Amino acid sequence: MANQIPEEVIEEVRKSNDIVEVTGEYVQLKKQGRNYVGLCPFHGEKTPSFSVTQEKQIFHCFGCGKGGNVITFLMEIENYSFQETIKVLANRSGVALPETGIRQEPTVSNDNQSVLSAYEWLTKLYHHLLRYAKDGKEGYQYFKDRGISDEAIDIFQLGYAPNLKEFTAEFLNKKGFNQAILVKAGLLSLQDDNSVTDRFRGRVMFPIRNNLGKTIGFGGRTISGGDPKYLNSAESELFQKSKLLYNFDLAKKHIRKENEVILFEGYMDVISAYQADIKNVIATLGTSLTEGQAKLLKRYVDTVIICYDGDKAGLEATYKAANLLRKVGCQIKVANLKDNMDPDNFIKMHGGEAFNNEVIQASDTYISFYMRYLMKDYNLSLEGDRITYIEAVVKELAMVESSVEREYYLQQLSKEYNISVETLASELQGHRQKVGAHQDKSDKNRYTNKAINYRHNKKMLPAYHNAERKLLSYMFQDAFITEKVRDEIGAGFNVDAHKIIATHLYAFYETGHSPDVSVFIENLTEQELKQLVTEIAMAPIEEEISDKEINDYIRIIHSQNNDVVSIQLLKEQQKLAEQQKDPLKAAQIAMQIIEIRKQLKHTN
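So the sequence shown is numbered by the UniProt record's numbering: it starts at 1 and just counts up by one.
What follows is the structure in structure tokens.
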């Protein structure tokens, strides 16, 4: 069929993209038994309910119910069309796609497609000017003076926008772009006389990319002393500073590898660190950290090292960011940059190795940072200030879950201020009782089996319902069991959704497919069915199943069918008895119906 990708190509793309690797780019996964678990990216949660199985190549969230295979996941998380998803996965794994099979199905508007294209052209243009043209010499020299290598300039696609009012506007006009769209997107500026000029003229350019590496905005820094020092692209549908982090596309794999991320304030801090071979680094876009950015980081990593400037403003920004990250469940470390230095300056003066050893690896815990942060507000040579300070620290310590950490800092306070540990501990316990703090929760308890909790919270399912689900889960992995069920039950499942799944499964095997629930899901069209299949397939089952167990499930399903039929026949007889004005017989039949229902309830 025209504009369709052959099924065998889709299967090759799916098989060449491991679902754990792909989902792991969006979710911090931890091994738990045979599966991987993490915080669901589709709904807010603090306890992981998102589960991925490498063996079956499917995912399922036991909290919100979303599930499917690697293709479904990417379509959901990125809002891609099916064609776009296949294209992205094919590029990722190096699978060649037939040209005739790809149809463009943009998920963004034509205007936004145009803006993305303009950003791509300008990224290349500004970078080329910086590296190779006379017009970019001033910008190139700026970066060289800042110690940035040609390699780093190329990696980050740094550029320079010439200090000419109409240079960019004329360039984009020649490329056929609509000026009104570019003005609306903030790429060009509309003046009072209706002339259009370059928003970033005379600035070195920092392309800001989305998680796929596409430029969706610019940060421009003046190098001639003008205001503002930094200028970002205007807020738009594509460019939303509160949801973006600089260098996140390049840092993702390093963040996963190190299992921690270093958060900076500035672009140059990121580039200097990356150049010094510290690559799990990101930065906010000239604004304070937002809750959206904090939640994005929590999806990927537990530990965030905040490395802001060492001045007073940096200290305040660190405190705000730390509390926001703690609120979403991140573990916090704080790098201590002394003498009002910033990360970029430290690396320039002392080198990347010293920065890593003396700043990053020597980071404070949150409580150590908090004690340092709090000191600025007190004169500790005064008795009253000392007492107030100690009380404030103890109150904060009461919120710490680890008893070891609490004990450590109580001992520290005791030695430093000559107060008994018992007195401090009593004060701390009082605060814990006030806020209703629980006893320590180990890391192990944080990653409980949400699947089990989810099931316990739901109403207990009838025996026949469970039997049908169990039978389906075995049918997903065994064509012979499916053949037996087809012969003995056919479409005789009691739950309508189960009937539909079984019918699809019969057809799936009849067309020559081997057992593969991930491929089976791809053949379903209804999203609700896909989610139900993944939920059933994720349930734990025995590796080897006996004929007796299969026969028991079939018997339970048959029994439910027979009882339902019996009740229906008895109801008809009862109605007839009432019409014949035989109340005694009608009452006897009613008692029979009640008895069968009691037996059904007892069986279920």
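The C-beta atom is built at its ideal place from N, Cα and C for all residues, glycine as well.
Note that the structure is a prediction, hence the values are computed from the model and not measured.
In whole angstroms, what is the alpha-carbon distance linking Asp552 and Ile521? 27 Å
Report all residues from its chain with a CB closer than 8 Å to the CB of Ile278; omit the five preceding and five following residues, and keep chain order. Ile262, Gly352, Phe355, Asn356 and Ile360
Using the beta-carbon count (16 or more within 10 Å), is Tyr334 buried or exposed? It should be pointed out that residue 334 corresponds to Val in this sequence rather than to Tyr. Label assigned to Val334: buried.
State buried or exposed for Val533, treating a residue as buried only when at least 16 other CB atoms are found within 10 Å of its CB. buried
Can you give, in chain order, each stretch of the alpha helix (DSSP H) that sits fully within the segment 153–226 and has at least 4 residues? 167–174 and 179–184
Ends of the beta strand (DSSP E) at Lys15? Looking at the DSSP string, Lys15 is not in any beta strand (DSSP E); the run it does join, the alpha helix (DSSP H), is Glu7 to Lys15.
Reduced DSSP category for Ala507 - H, G, I as helix; E, B as strand; rest coil: The three-state secondary structure of Ala507, taken from DSSP, is helix.
For Gln429, does the three-state DSSP call read helix, strand or coil? helix
Indicate the three-state DSSP secondary structure (helix, strand or coil) for Ser559 in the structure shown. helix
Whose C-alpha, out of Glu45, Val9 and Met75, is nearest the C-alpha of Pro98? Val9
In three-state DSSP terms, what is Ala513? In the sequence on display, residue 513 carries His and not Ala. It is coil, neither helix nor strand.
One or two residues paired with Thr534 in a DSSP bridge: Under DSSP, no beta-bridge partner is assigned to Thr534.
Only counting the same chain, and skipping five residues up and downstream in sequence, which positions put a Cβ closer than 6 Å to that of Ala451? Because the pLDDT at Ala451 is just 39, under 50, the model does not fix this residue reliably, and the value given afterwards should be weighed accordingly. Excluding sequence neighbours, Ala451 sits near Phe62.
Taking the alpha carbon of Thr290 as the point to measure from, which residue in Ala313, Ser233, Leu190 and Lys327 has its own alpha carbon closest? Lys327
Taking DSSP's pairing of strands, which residues face Gly38 in a bridge? Phe50
Distance, Ala321 Cα to Asp440 Cα: Any reading at Asp440 must be qualified, since the residue scores a pLDDT of 45, below 50, and its modelled position is unreliable; the value itself is stated next. Distance between the alpha carbons of Asp440 and Ala321 is about 25 Å.
So what does Ala283 bridge to, in DSSP terms? Tyr246 and Phe264
For Asn232: DSSP bridge partner residues: Gly219
Please say whether Tyr26 and Ile77 have beta carbons closer to each other than 9 Å? yes
Which class does His43 belong to by DSSP, given the choice of helix, strand or coil? coil
For Lys376, name the three-state secondary structure that DSSP assigns. coil
Inter-residue Cα distance where the pair is Tyr366 and Ile332: 6 Å
Within a Cβ cutoff of 6 Å, which residues of the same chain sit near residue 618, ignoring the five residues on either side of it in sequence? Any property of residue 618 remains undetermined from this structure, which presents the chain solely from 1 to 604.
Residues that Phe59 bridges to, as DSSP identifies them: Val52 and Gly68
Span of the alpha helix (DSSP H) holding Thr482? Where Thr482 is concerned, the enclosing alpha helix (DSSP H) stretches over Ala479 to Glu488.
Inspect the CB distances between the segment 109–122 and the segment 136–154 and report whether three or more fall short of 8 Å. Output reads no: the segment 136–154 does not touch the segment 109–122.
What number of angstroms, rounded off, separates the C-alpha of Leu325 from the C-alpha of His465? 43 Å
How about Val393 and Leu413: do their beta carbons lie closer than 9 Å? yes
For Asp364, which three-state DSSP category applies? strand
Beta strand (DSSP E) segment containing Gln4, residue limits: Counting along the chain, Gln4 falls outside any beta strand (DSSP E), and DSSP gives it neither H nor E.
Is the beta carbon of Lys435 sitting closer than 9 Å to the one on Met399? Checking the sequence shown, residue 435 turns out to be Val, not Lys. It is a contact, given that the beta carbons lie within the stated cut-off.
Establish whether the CB of Met341 and some CB of chain C are separated by less than 9 Å. The displayed structure is made up of one protein chain only, and chain C is not part of it.
Proximal residues to Arg486 (C-beta, below 7 Å), its chain only, five neighbours per side dropped: Tyr506
Am I right that Thr318 and Ile305 are in contact with their C-beta atoms under 8 Å? What's the rounded C-beta distance? Not confirmed; about 11 Å, so no contact.
Quick one: residues in its chain with C-beta nearer than 6 Å to the C-beta of Thr284, no 5 flanking neighbours on either side, listed in chain order? Nothing listed; no residue qualifies.
Looking only at its own chain, which residues have a Cβ that is under 7 Å from the Cβ of His513, when we skip the five neighbours before and after it? Val519
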